[in-house]
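Chains as they are written, first to last, in our numbering: chain A, 1 to 111; chain B, 112 to 990.
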Amino acid sequence: MAVAKNDILQGTLTLLVLKTLASNKRLHGYAITTHVQRVSGDLLRVEEGSLYPALHRLEQQGWLKAEWGVTEKNREARFYSLTAKGRRQLAVEEDSWARFTEGVGRVLRYV
Amino acid sequence: MPWLRRFVNTIRSSRLQRDIDREIAFHIREREDELRANGLPADEARRRAGRQFGNASVQRERTRDVDTAVLVDALLRNVRLALRGMRRTPGFSAAVVLTLALGIGANSAVFSAIDAVLLRPLPFPDSDRLVQLTQTQPAAGETHVAPIRLRDWNRLNSTFEGIAGYFTSDVVDTSGGLPERVLAARVTRGFFDVLDVRPAVGRTFIAEEHLYAYKGPEAVIVTDRRWRSLSSDRQVLDQPVRIGNASIATIGVMPASFRFPAADVGVWTADEDDAPWGQLRTQTWYTGIGRLKPGVTIEQARADLERVQASLAAQYPDTDRQIGVRLVPLKETVVGSTRPSLWILFGAVSVLLLIACINIAALLLSRAARREQEIVVRYALGGSRASVAAQLLTEAGVLAFVGASVGLAVAVTATRALRLLAPELPRVGEIAIDVRILLYTMACTVVVAIVCGLFPALRSTRHMSVAPASARTTTSTRQSLQWLLVGVQVALSVTLLAGAGLLVRSIDAMSRVETGFHAERVLTLRVSGQYGFETNDATVQRINRLLDGLATYPGVESAAVTSRLPGIREQQEQEFVLSDAAAGPSARVVAANVIVTPDYFRTLHIPILTGDACRRSPDAGGVKTATTEAMVNRRFVERYLGGRSALGVHVTGGLDTLVKNRHIFAAAPSQIVGVVGDAREDGQDREPVPTVYTCFSAPHPAPWYVIRTAGNPVAEAASVRRAIHALEPSRSVYEIAPLESRIEGAYAQNRLRTWLLSLFAMTALALVCAGVYGTLSYTVSLRRREVALRLALGALRRSVVQQLIATSLRIVCLAAACGLVLALLFTRSLSTMLYGVTPTDPATLATVLVLVMVVAGIAAVIPATRAAFMSPMRALREE
């Protein structure tokens, strides 16, 4: 397996998690990892260990809701879903991400 | 509410931990499954899944921290550790908790008394504006106020909302089956307005009821207690109170909290201040109370009244020239006498708590030293200094908290005991453990935890940062700190012991004092009687008949009547007019006033020095027609007659109290017929004052009887009571008690104070004893190797013991010297409570020093001996 070159920037993880859960109703931590990896075409890789402190922090902030459930393989897992508050936060994060890339882009385009 | 969830998580931490573990384990297993599906062998898949996840335990910790309140979590962990530590050393912990429980409990109990008695305002609206008013005279000191003068003050001042007055007297309530003595307050117009209290039921007096000319029915206001004892419906207003044989209508009931002017007041009646007997400016019987206008200070009010009195002096130079005004905050008159005692006790109990804290600090310090290994390991594993200090402080905090909780139970018991032991203490019924005391106890606990825990916490963190794990270099400094702590304990306990010693010596000196009379085998009692019930002559005849009957009774040696009991403090000095040929017709003198029957002197064994015992007042005609006779004491003759013979001199004024109580209208002069020895009738601790004994049988309808019995007065009490009942079947005998126990009772507060201070001092001494023992044991345990080596090389066991004891005693000696200086500062505040010793009494202080040295020496003997008699070889091999 190739080592992930593209470490996810601090703060970007929040955006990715929120977005992932916006398009999928209910996911456990492992599924979030694979989703990000798959959808980004292996360009992004979530550092697996640091996902859980982040998930719990988002939960504490009230953006995510978590509950125990059972997977198709009949294993117990903790499933996360987006709250209304989280949805609003996603809009904020997307907006600031857009402005961030726009800003970085302008700097790069400047000769 | 994230913080709430975090808090819940913090408390249910094991469940949280399990959830996180499960969640992460699931992730790793999913990854492992996927890797296996991609064709990796099982063990390789497991290894790689783990590696890919990263440091699982660190992530678990981080996840957990997100979910919990970190500080609370650390605190809880420390508390759990501390509790586990307590369980591991049950003896040590129990000793510490018990010491703290007693220290904190006693402290809270005394503070609750201070709070209820001294700090809280009196239970009247704006009670800080209430003052007591009395008049002063250069010769007589403070006296009651003449009714007419009090009215002048009320009329002419500009700083008071109102001034009123009252006096109290005993009346007999015959409403129930048996006659009952009741304390009645006769009050002037405006009394209830000045205090700003309203009756719970009914009304207070109207202005007309205070007029001499008022012809309407008499009225009485009763206490809540009396109302409840009769019936608790509102019908009370229709029920008359029978006072004597007069039936008086109840017009109001005061609320239960209102007990003024005395805790045992039973009824209030209206006094007429315009009555003819109240118009003399020399007749004084009111105690004044005034309510200041808002914003007026007591100094302004004093200046104002002094101005008023100066104008009265100009108007009535004969009577008012020398009169001064005295204003005291009302609260001060109620509780002022107890203030020094209570603060002294509070100081003592606080010093005791401080000693206990220092003792425990020393204990924790040596325990921390024994746990050096554990602390070193904690540092090695990355514990921060703050976390180690926090843990040690938490340990002290947990001990203090448990101690304080037990201490509250101690305080509740102690306040209950205080109410029983000191029923005479003003406002004692208001003492209770309430929210304020709880807050105070909590504050105490925090201070105790800091004092106890700070030394060990600072000490172990400091030396760790300097030289980790080199125990031997650090022990010497810690040891000197411990001896310093022992020294502080010694110094403080010397102070307490000195105070207690001086109070004990005072009581001892007081009991040795020659009182001038003999109280043993004297029974005291009263027989019910009441103004307005019979004529003056009838009262005299009744009392004389009873005295004659008692004198023939076999168990009675002699019996007499007196207006006041000897040996009990009761300021009764007043002005007399002397008329003898040498001094001119009207020299004014001040003397104590006692009204007695002739056998008083024989009954109390007061010797007659010159002349004869006076004759009994005649059965009829009383004071109006006949001249009564009087006796004076030796001091009276020395002070006022300058060596002349007292016999034949006439003195007027002894029967003024009868005038005041409307018993008679004016008193004739009495002729002095004898001189008696000086007796300490105003208390054992007071020098005898010039005294006039006027011989008259009825100072009061229910005067005190003093009866000298042939045998034990307690045993005779029942038969004396029967004898009186046979002579006076319709009257009740009450307040029957031996004179000795009454005198003892009058000094109960004094003894209680002494007893408590001695108890605190002895406890302090016991703590010092434990402190010396513990610290020397610890020193010995550290120096075990050295002592063993010296013994192995042939040192004498005796010299080892001597040396170890000497080390302790040197420190104790030095500390005791410091304590002596402290004691001299402290005992000065006791000077008003001492009798017969000075605050610097060398004998007491020397005894205290010897006591402390002996106790410290004994405490040092056991560890020193144990060290000297160990087996040197075993001790050396151990290391």
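Just so you know, even glycine gets a beta-carbon here, dropped at the ideal spot from N, CA and C.
Computed from a prediction, not measured in an experiment: that's the story for all the values here.
- In the structure shown, glutamate 839 of chain B adopts coil according to DSSP, grouped into three states.
- For glycine 165 of chain B, the residues of chain A that pass the 8 Å Cβ criterion are Glu47, Glu48, Gly49, Ser50, in the order they occur in the chain.
- Rounded to whole angstroms, the separation of the alpha carbons of glycine 216 of chain B and threonine 552 of chain B is 8 Å.
- At a C-beta separation below 9 Å, phenylalanine 137 of chain B has these neighbours in chain A: His28, Gly29, Tyr30, Thr71, Arg75, Glu76, Ala77, Arg78.
- Residues of the segment 116 to 129 of chain B that bring their beta carbon within less than 9 Å of a beta carbon in chain A comprise Arg116, Arg117, in sequence order.
- Taking every protein chain shown into account, the CB of tryptophan 338 of chain B has 16 or more other CB atoms within 10 angstroms, so this residue is buried.
- Counted as a single uninterrupted DSSP element, the beta strand (DSSP E) harbouring isoleucine 332 of chain B occupies residues 330 to 333.
- The count of Cβ pairs closer than 8 Å, one atom from the segment 189 to 199 of chain B and one from the segment 70 to 86 of chain A, stays below three, leaving the stretches out of contact.
- Using beta-carbon distances, histidine 35 of chain A does not count as an interface residue toward chain B, since no partner is under 8 Å.
- Along the length of the segment 847 to 922 of chain B, whole alpha helix (DSSP H) runs at least 4 residues long occupy 850 to 857, 859 to 893, 895 to 903, reported in chain order.
- Straight through space, the alpha carbons of threonine 886 of chain B and valine 932 of chain B are spaced by roughly 24 Å.
- Residues Leu613, Thr938, Arg939, Leu941, Ser942 of the same chain have their beta carbon placed closer than 7 Å to that of proline 950 of chain B, with the five preceding and five following residues left out of the count.
- Judged by their CB atoms, alanine 473 of chain B and valine 597 of chain B are nearer to each other than the 8 Å cut-off.
- Put simply, the backbone Cα of valine 539 of chain B is about 18 Å away from that of serine 238 of chain B.
- Taking every protein chain shown into account, the CB of asparagine 166 of chain B has fewer than 16 other CB atoms within 10 angstroms, so this residue is exposed.
- Along the segment 168 to 179 of chain B, the positions whose C-beta sits under 7 Å from a C-beta of chain A are Gln170, Arg173, Thr174, Val177, Asp178, read in chain order.
- Restricting attention to beta strand (DSSP E) runs no shorter than 3 residues, the segment 655 to 727 of chain B encloses them at 667 to 673, 684 to 691, 695 to 707, 719 to 722, ordered along the chain.
- Between glycine 754 of chain B and glutamine 782 of chain B, the gap from beta carbon to beta carbon reaches 8 Å or more.
- For arginine 57 of chain A, the chain B residues whose Cβ falls inside 7 Å of its Cβ are Val177, in order along the chain.
- Within a 10 Å sphere around the beta-carbon of methionine 984 of chain B sit fewer than 16 other beta-carbons, which makes this residue exposed.
- Cβ atoms of leucine 658 of chain B and threonine 739 of chain B stay farther apart than 8 Å, at about 16 Å.
- Here DSSP, grouped into helix, strand and coil, assigns isoleucine 466 of chain B to helix.
- Annotated three-state conformation of tryptophan 264 of chain B is helix, per DSSP.
- Rounded to the nearest whole angstrom, the C-alpha separation of glutamine 590 of chain B and serine 888 of chain B is 11 Å.
- With contacts defined by Cβ atoms closer than 8 Å, leucine 915 of chain B and valine 891 of chain B form a contacting pair.
- Among the residues facing chain A, arginine 133 of chain B is included, as its CB has a counterpart in that chain under 8 Å away.
- The beta carbon of alanine 525 of chain B sits closer than 7 Å to the beta carbons of Gly216, Ala217, Ala220 from its chain, once the five residues preceding and following it are set aside; these are given in chain order.
- Each residue's CA atom was taken as its position, placing serine 617 of chain B and tyrosine 946 of chain B some 5 Å apart.
- Counting along the chain, the unbroken alpha helix (DSSP H) around aspartate 130 of chain B starts and ends at 124 to 148.
- Around glutamate 839 of chain B, the same chain offers Val638, Arg653, Leu657 as residues with beta carbons nearer than 8 Å, after the five sequence neighbours per side are excluded.
- Contact of arginine 142 of chain B with chain A is assigned, a C-beta pair being separated by under 8 Å.
- Boundaries of the beta strand (DSSP E) around threonine 635 of chain B: 633 to 638.
- Proximity of chain B to glutamine 89 of chain A at the Cβ level (cut-off 7 Å) is not reached, the minimal Cβ distance being about 14 Å.
- Taken atom to atom, the span from the alpha-carbon of methionine 365 of chain B to that of arginine 309 of chain B is near 7 Å.
- Counted as a single uninterrupted DSSP element, the stretch harbouring phenylalanine 369 of chain B is not any alpha helix (DSSP H), since DSSP gives it neither H nor E.
- Around the beta-carbon of glutamate 485 of chain B, fewer than 16 other beta-carbon atoms lie within 10 Å, marking it exposed.
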